Amino acid sequence: MKDYKKLIDPAALPKHIAIIMDGNGRWARKKSLPRIEGHRKGADVVEPVVDAALAVGVKALSLYAFSTENWIRPDDEVSGLWTLLDIYFQMKLEKIAARGIRIKHSGSLDKIPTDTRLNILNAMDRTSKNSRLVLNFCLNYGGRQEIVNAVNRWLDSREGASPVQEADIGKNLYTSDLPDVDLMIRTSGEYRLSNFLLWQLAYAELVFLDVLWPDFRPHHLYKAIWMFQNRERRYGGI
Ligand code: FPP
5 MKDYKKLIDP
15 AALPKHIAII
25 MDGNGRWARK
35 KSLPRIEGHR
45 KGADVVEPVV
55 DAALAVGVKA
65 LSLYAFSTEN
75 WIRPDDEVSG
85 LWTLLDIYFQ
95 MKLEKIAARG
105 IRIKHSGSLD
115 KIPTDTRLNI
125 LNAMDRTSKN
135 SRLVLNFCLN
145 YGGRQEIVNA
155 VNRWLDSREG
165 ASPVQEADIG
175 KNLYTSDLPD
185 VDLMIRTSGE
195 YRLSNFLLWQ
205 LAYAELVFLD
215 VLWPDFRPHH
225 LYKAIWMFQN
235 RERRYGGI
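Numbered by the numbering used here, the letters in the sequence shown go through residues 5 to 242 in order.
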């Protein structure tokens, strides 16, 4: 196996990496385990991947952990996912804070169970002064909902009646403090965006890896960054 970490050019890192952590259910099915075991294993993978991002100097990492569409899953899976997030925020918060990571949430806090909402807000507050890496948890997040929300925020804030500009939308998105995504990674061999960061992905390089999220390891992240660095980005030019 190539040592992709060594091949990464530290001067040309993606400013913002976004990951669709897909394949937990299939991982569990392959092992004849309940789906929640796939999510549990998937949650365990988050820490080493964040450490791998820190090790190469990535500054912003967005993780799609619960979409606005995921509510239609069976109740026990939905509540199991929130419990896993509670455990993560409670068990890992001090480690995260000590590593200089700032926790951020993108999505609507409405509907998120109260305990989890408080854990998210507490984690954001506890890490608010950190700046080494922004770890953006996309929870109860939908790309279309985010854009509608941004337009409504803009409508609320405007003084004149000038037409909306791209910047007006951008500065009202959940991610207004983050750069656009440079690199989007989706695991599990599915080739979809699934309503993830639709605006921010406009010029992202997309890397689809044939690995289920619970099997994702730091070398997969390094490989994706290396693939990104070997793409030619033209932004509509030639
Ligand atoms: C998609 O796989 C994954 C999710 C909907 C949830 C992602 C959540 C985690 C990785 C755990 C969250 C915890 C932390 C700490 C971030 P899927 O269930 O759709 O998989 P499938 O397509 O194989 O069924």
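A virtual CB, placed ideally from N, CA and C, is assigned to each residue, including glycine.
Remember, it's a predicted structure, so these values are computed and weren't measured experimentally.
Residues of its chain near residue i, where Cβ-Cβ distance is below 7 Å and the 5 sequence neighbours each way are ignored
i, result
"D119", "D90"
"V215", "T191, H224"
"A32", "P38, R39, E41, G42"
Proximal residues to residue i (C-beta, below 6 Å), its chain only, five neighbours per side dropped
i, result
"D184", "Q204"
"Q149", "T72"
Per DSSP, cross-strand counterpart(s) of residue i
i, result
"I21", "L65, L187"
"R106", "V138"
"L210", "M188"
"S71", "Y145"
Status (buried if at least 16 other CB within 10 Å, exposed otherwise) for residue i
i, result
"V251", "A question about residue 251 goes unanswered here, because the residues of the chain that appear run from 5 up to 242."
"R196", "exposed"
"D160", "exposed"
"E170", "exposed"
"I76", "exposed"
"K35", "exposed"
"R190", "buried"
"G147", "buried"
"R136", "exposed"
"R106", "buried"
Check: residue i C-beta below 6 Å from any heavy atom of the ligand FPP
i, result
"V60", "no"
"V50", "yes"
"M25", "yes"
"G46", "yes"
"R30", "yes"
"D195", "Residue identity differs from the one stated: residue 195 is Tyr in this sequence, not Asp. Every heavy atom of the ligand FPP is 6 Å or more from the Cβ of Y195, so no."
"H43", "yes"
"Y92", "yes"
"A69", "yes"
"L88", "yes"
Straight-line Cα distance separating residue j from residue i
i, j, result
"W86", "G164", "42 Å"
"I92", "E209", "According to the sequence provided, residue 92 is Tyr. The question's Ile does not apply to it. One C-alpha to the other measures close to 29 Å."
"L221", "F212", "Checking the sequence shown, residue 221 turns out to be Arg, not Leu. Approximately 15 Å, taken between the alpha carbons."
"L201", "V138", "16 Å"
"Y226", "R103", "20 Å"
"I12", "Y178", "30 Å"
"I124", "E98", "13 Å"
"R130", "I151", "28 Å"
"G244", "I229", "What is shown of the chain runs 5 to 242, which leaves residue 244 out entirely."
"K96", "N126", "12 Å"
"F70", "K45", "16 Å"
"D219", "K10", "21 Å"
"A259", "Y145", "Because the chain in this structure spans residues 5 to 242, residue 259 falls outside the shown range and cannot be described."
Spatial neighbours of residue i in its chain, beta-carbon cut-off 8 Å, leaving aside the 5 residues before and after
i, result
"P52", "R221, P222"
"M81", "With the sequence shown as reference, residue 81 is identified as Glu, and Met is not the correct amino acid for it. Excluding sequence neighbours, E81 sits near R39, I40, H43."
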